[in-house]
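Just so we're on the same page, this note's numbering is the position in the sequence shown counted from 1, plus 1467.
Note that the Cβ used here is the ideal one computed from N, Cα and C, for glycine as well.
Single-structure report; data block below.
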Amino acid sequence: VQLVESGGGLVQAGGSLRLSCAASGSIFRIVTMGWYRQAPGKQRELVASIRPNGMTNYADSVKGRFTISRDNAKNTNTIYLQMNTLRLEDTAVYYCNALPAWDAYWGQGTQVAVSS
1468 VQLVESGGGL VQAGGSLRLS CAASGSIFRI VTMGWYRQAP GKQRELVASI
1518 RPNGMTNYAD SVKGRFTISR DNAKNTNTIY LQMNTLRLED TAVYYCNALP
1568 AWDAYWGQGT QVAVSS
């Protein structure tokens, strides 16, 4: 069982990025998954979640700008986070995990840096 995030990078304010989370382990197909982020000096926070049936929920700070989706095809289990109209305050390390999070499965995350 492993979660591997990718897709981060440096982007100018107003730009877009698409993050991916490769979730190995069939268990991830049947649980709610979330994207979390942790900015320097701040606690990790949940920014978006998606249920197995596709229902989504977003933090107020990203609502209307971020879109979470999942691909539960037979041999893949990937969770995406499309981030548009990025702001300086979106700078953070982004992680995926179940919701509630499973402490043993935090990955390395992917760094998103938004510049002015």
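Whole-angstrom C-beta distance between Leu-1484 and Met-1550, which should lie under 8 Å: Between Met-1550 and Leu-1484 a beta carbon distance of about 5 Å is seen, short of the 8 Å cut, so the two are scored as contacting.
Bridge partner(s) assigned by DSSP for Arg-1485: DSSP, once it has assigned bridges, lists Gln-1549 as partnering Arg-1485.
Euclidean distance between Cα positions of Glu-1512 and Asn-1564: Between Glu-1512 and Asn-1564, the C-alpha separation is close to 12 Å.
Buried or exposed by the 16-neighbour rule on C-beta atoms within 10 Å, applied to Ser-1516: Buried.
Per-residue DSSP class, three states only, for Ile-1535: Annotated three-state conformation of Ile-1535 is strand, per DSSP.
Which residues DSSP lists as bridging Arg-1504, in chain order: Answer by DSSP bridge pairing, in chain order: Glu-1512 and Tyr-1561.
Pairwise C-alpha distance: Leu-1553 and Tyr-1547: Taking the straight line joining both Cα atoms gives about 16 Å.
Residues bridged to Tyr-1572 (per DSSP): Per DSSP, none; premise fails for Tyr-1572.
Endpoints, the beta strand (DSSP E) within which Ser-1473 is located: According to the DSSP assignment, Ser-1473 belongs to the beta strand (DSSP E) that extends over 1469 to 1473.
Ser-1582 - partner residues in DSSP beta bridges: Partner(s): Gln-1479.
Ser-1583 versus Gln-1479, Gln-1505 and Gly-1475, residue with shortest Cα-Cα distance: For the residues Gln-1479, Gln-1505 and Gly-1475, the minimum Cα distance to Ser-1583 belongs to Gln-1479.
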